[in-house]
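Q:
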Amino acid sequence: MWNLINRLTALSLIVLLIVQAGCVVTPERLTESDIQARITHDLQYVTKDQDPVTDPIDIFEAMARALAYNLETKVEVMKTMLAHQQLDLSHYDLLPQLVLNSGYDGRSNYSGATSRSLLSGQTSLEPSTSSQKNVFTTDLSLSWDVLDFGLSYVRAKQAANNVLIAEEERRRVANRVMQHVRTTFWRTVSANRMLGRLALLEDWVTKALDELEQAQQRRLEPPLASLQYQRELLSTKNEIQKLYHALSVSRFELAELMNLTPGQTYELTLASREDPIPTLALSVKELEHRALVHRPELRTIDYRKRINAEETKAALLDMLPNLNLQFGPNYSSNSFLFNNHWLSYGAKISWNLLNVFRTPKQFTIIELQDQILHTQSLALTMTVMSQVHVSLAQLTAAKTALHSARAYFDTQEHIEELVQHSWNARRQGQRTIIRERLNGILAELRHEAARAEYETAYANLLAAIGEELLPERIEGRKISEIANALRNQWDGLKTSNQETA
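Convert by adding 27 to the 1-based position in the sequence shown; the result is the number in the working numbering.
1) Taking just the CA atoms, how far does Pro289 sit from Trp231?
2) Less than 7 angstroms between C-beta atoms, sequence neighbours within five positions excluded: which residues of the same chain meet that for Glu248?
3) Can you tell me where the beta strand (DSSP E) with Ile334 in it begins and where it stops?
4) Skipping 5 residues on each side, what residues in its chain have a beta carbon closer than 7 angstroms to that of Ser523?
5) Check for me: the alpha helix (DSSP H) holding Thr107 runs from which residue to which?
6) Helix, strand or coil: how does DSSP classify Ala298 here?
7) Would a C-beta distance cut-off of 8 angstroms place Val181 and Lys375 closer than the cut-off?
8) Assign Ala226 to buried or exposed, taking buried as 16 or more other Cβ atoms, counted over all protein chains shown, within 10 Å of its Cβ.
9) Starting from Asp132, follow the beta strand (DSSP E) in both directions and report where the run begins and ends.
10) In this structure, what does DSSP give as the bridge partners for Asp172?
11) Comparing alpha-carbon positions, which option in Gly493, Glu494, Ile492 and Asn511 lies nearest Ile501?
12) If you draw a straight line from the C-alpha of Ala424 to the C-alpha of Leu469, how long is it?
13) Look at Thr123 and Leu169 and say whether their C-beta atoms are less than 8 angstroms apart.
14) Assuming Gln389 contacts Ala342 (C-beta within less than 8 angstroms), just tell me the rounded distance between them.
15) Please report how far the alpha carbon of Leu381 lies from the alpha carbon of Leu350, in whole angstroms.
16) The alpha helix (DSSP H) spanning Ala252 covers which residue range?
17) Using 8 angstroms as the threshold, is the C-beta distance between Leu94 and Ala252 below it?
18) When we look at the beta-carbon of Met409 and count the other beta-carbons within 10 Å, is it buried (16 or more) or exposed?
19) Among residues of its own chain, excluding the 5 on either side of Asn286, which ones have a beta-carbon nearer than 8 angstroms to its beta-carbon?
20) Around the C-beta of His207, are 16 or more other C-beta atoms found within 10 angstroms, so that it is buried, or is it exposed?
21) Between the segment 467-487 and the segment 420-435, do at least 3 Cβ pairs fall closer than 8 angstroms?
22) Hey, Ile84 and Leu295: beta-carbon distance below 8 angstroms or not?
23) Based on DSSP bridge pairs, tell me the residues matched to Leu541.
24) Looking at the strands, I want to know which residues DSSP matches up with Asp166.
25) Buried or exposed: which applies to Ala64, given that a residue is buried once 16 or more other Cβ atoms fall within 10 Å of its Cβ?
26) Which partner residues does Pro303 have in the DSSP bridge list?
27) Under the assumption that Asn274 contacts Leu222 (Cβ atoms under 8 angstroms), give the Cβ distance between them as a whole number of angstroms.
28) Looking at the structure shown, is Ser523 part of a helix, part of a strand, or coil, going by DSSP?
29) Taking all protein chains shown into account, do 16 or more other C-beta atoms lie within 10 angstroms of the C-beta of Phe436, making it buried, or fewer, making it exposed?
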């Protein structure tokens, strides 16, 4: 009796300790030191092992740095690596199981038993035992589940398609990053070329406004003409400030895409205004077909359809009975056994009869999923074709705007020359020469902006058709090698598709 009470008391204490251990777990907020440690770690590794910027960066080096160092693309690279590792792991599921078991059993007294006759009810044997108090056992069991092998094969094929999906997602992100780099690079080139001119232009406008204010106070000219000129100067100053803000921000955006530290100084290789503009000499139908073939989003849906088709095979296998085969050596230290070493083998068939009712529901779900994927494919096909048409229209409009801006810039240059000659001959006033100089700089700015917009529209069209101009391999290569590979591929694309700006 006392032994039972002692055991219950000990059990109660153990339960109480377990309950108390569960109650002491409480939410623990981040401390200031935790946050500071995270900041220090992230700042140390965010730009680690990157090639330093030593020379002016051209557009191909900018794209190479974005592909190699941009953290968004790095995430996709890691996801692809993870998918490959998961595929490798799924291959092990195809192998049989080889399990090593070892055990120890002990008790305070012998395991004994008697035997009683079922006919007479008399005890036929004295209490006896066939086991020692302490027994050590071990076995090595090789088992193979035939149904699990079939299911593992199906899952491995699905994992292989997931690898391809991860690679398509990586392509999609890389193409989008390259599109952003191309757009931002040209804006930054315009900024480098024009920010100094903009500052000079703003100084001229400010000086002209001060002189105009003095003239207004002295009443040296009619009020209406003075106010109209003031309005013109204020409008010019407002446009300058907008352009200055838009251009100055692009430098930081490009640095972010290349994963350079914010505020790090770098120079760009400035392209000539006379460089031919890129274009694609393809019809609308050819562009549509190219987009439907190469867009990563559509390929991803194709791979998801494959995965869903494999799910049908898995559901069919799940209906079948399962055959399990086992074989392996055994050992027991029990001295009462006649044989302490032996081989065991066996086979077992099991069948879940309720799967007959469950499987039709699985087929219904698989069919619905297939319909969803089919509808998504149709919707995305329409979206892709629309994007091609929109991008082509934007490129056409940007080309028209670029030619108009170029013509306006050339015309303004001639006007400036004539006004300068008249100024030298004292046939034009100071206000006229200032106005035309302002118009000249604004014309140059508009031409730069139009070229940047055209490059943006061209990048959007390449993204819309899914044009893949990525190097075969990025990991482990130098930035100069990646840049040269990109240059060769882009030059090959532009060889027969150029036009004078």
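For every residue, glycine included, the Cβ atom is placed at its ideal position computed from N, Cα and C.
A: Put simply:
1) Here residue 231 corresponds to residue number 204 of the sequence shown, with the count starting at 1. Here residue 289 corresponds to residue number 262 of the sequence shown, with the count starting at 1. Computed Cα separation, rounded: 32 angstroms.
2) What you label residue 248 is simply residue 221 of the sequence shown in a count that begins at 1. Ala242.
3) Here residue 334 corresponds to residue number 307 of the sequence shown, with the count starting at 1. Boundaries around Ile334 are those of the alpha helix (DSSP H), Pro323 to Met346, since no beta strand (DSSP E) includes it.
4) As a position in the sequence shown, residue 523 is number 496, starting the count at 1. Residue placement at Ser523 is flagged as unreliable, the pLDDT there being 48, under the threshold of 50; the coordinate-derived value follows with that caveat. Excluding sequence positions up to five before and after Ser523, its CB lies within less than 7 angstroms of the CB of Ala308, all in the same chain and listed in chain order.
5) Sequence index remark: in the sequence shown, residue 107 carries index 80 (1-based). Run containing Thr107: Leu98 to Tyr119, per the alpha helix (DSSP H) assignment.
6) Reading the sequence shown from its first residue, position 271 is the one you call residue 298. Correct three-state label for Ala298: coil.
7) By 1-based counting over the sequence shown, the position of residue 181 is 154. By 1-based counting over the sequence shown, the position of residue 375 is 348. For Val181 and Lys375, no; Cβs fall outside 8 angstroms.
8) The residue given as residue 226 occupies position 199 in the sequence shown. Exposed is the call here.
9) Taking the sequence shown and counting its residues from 1, the one referred to as residue 132 is at position 105. Note, Asp132: beta strand (DSSP E), Gln124 to Gly133.
10) The count along the sequence shown starts at 1 and reaches residue 172 at position 145. Partner(s): Asn351.
11) Mapped onto the sequence shown, residue 501 falls at position 474. For Ile501, the nearest C-alpha among the options comes from Asn511.
12) Position 397 of the sequence shown, counted from the start, is the residue given in the question as residue 424. Position 442 of the sequence shown, counted from the start, is the residue given in the question as residue 469. Going by the C-alpha atoms only, they are around 20 angstroms apart.
13) As a first step, residue 123 is located in the sequence shown; it is residue number 96 there, counting from the start. As a first step, residue 169 is located in the sequence shown; it is residue number 142 there, counting from the start. Contrary to the premise, residue 123 reads as Pro rather than Thr in this sequence. Yes; because the gap between Cβ atoms is below 8 angstroms, this pair is in contact.
14) For this step, residue 389 is matched to residue 362 along the sequence shown. For this step, residue 342 is matched to residue 315 along the sequence shown. With 8 angstroms as the limit, Gln389 and Ala342 qualify as a contact, their Cβ atoms being about 4 angstroms apart.
15) Within the sequence shown, residue 381 is the residue found at index 354, counting from 1. Within the sequence shown, residue 350 is the residue found at index 323, counting from 1. Leu381 and Leu350: Cα-Cα distance of roughly 17 angstroms.
16) As a position in the sequence shown, residue 252 is number 225, starting the count at 1. First-last of the alpha helix (DSSP H) with Ala252: Pro250 to Leu284.
17) Within the sequence shown, the letter at position 67 stands for residue 94. Within the sequence shown, the letter at position 225 stands for residue 252. No, they are not a contact pair.
18) The sequence position of residue 409 within the sequence shown is 382, counting from 1. With fewer than 16 other Cβ atoms within 10 Å, it is exposed.
19) Here residue 286 corresponds to residue number 259 of the sequence shown, with the count starting at 1. Residues of the same chain with a CB within less than 8 angstroms of the CB of Asn286, apart from the 5 flanking positions on each side, are Val73, Thr74, Gln77, Arg92, Ala93, Tyr96, Asn97 and Leu98 in chain order.
20) Position 180 of the sequence shown, counted from the start, is the residue given in the question as residue 207. His207 is buried by the Cβ-count criterion.
21) yes
22) Numbered from its first residue, the sequence shown carries residue 84 at position 57. Numbered from its first residue, the sequence shown carries residue 295 at position 268. Yes. Within cutoff.
23) Outside the shown range of the chain (28 to 528) lies residue 541, about which nothing can therefore be said.
24) Taking the first residue of the sequence shown as 1, we reach residue 166 at position 139. DSSP output for Asp166 lists Asn128 and Asn357 as bridge partner(s).
25) For the purposes of this step, residue 64 is identified with residue 37 of the sequence shown, where counting begins at 1. Exposed.
26) Position 276 of the sequence shown, counting from 1, holds the residue named residue 303. Under DSSP, Pro303 takes part in no beta bridge, so it has no partner.
27) Along the sequence shown, one-based indexing puts residue 274 at 247. Along the sequence shown, one-based indexing puts residue 222 at 195. First, the amino acid is wrong: residue 274 is Leu here, not Asn. Confirmed, about 6 angstroms.
28) Along the sequence shown, read from residue 1 onward, the residue named residue 523 stands at position 496. Here the model assigns Ser523 a pLDDT of 48, short of 50, so the residue's position is not dependable, and the following value carries that caveat. Coil, per DSSP.
29) Here residue 436 is taken as the residue at index 409 of the sequence shown, counted from 1. So Phe436 counts as buried.
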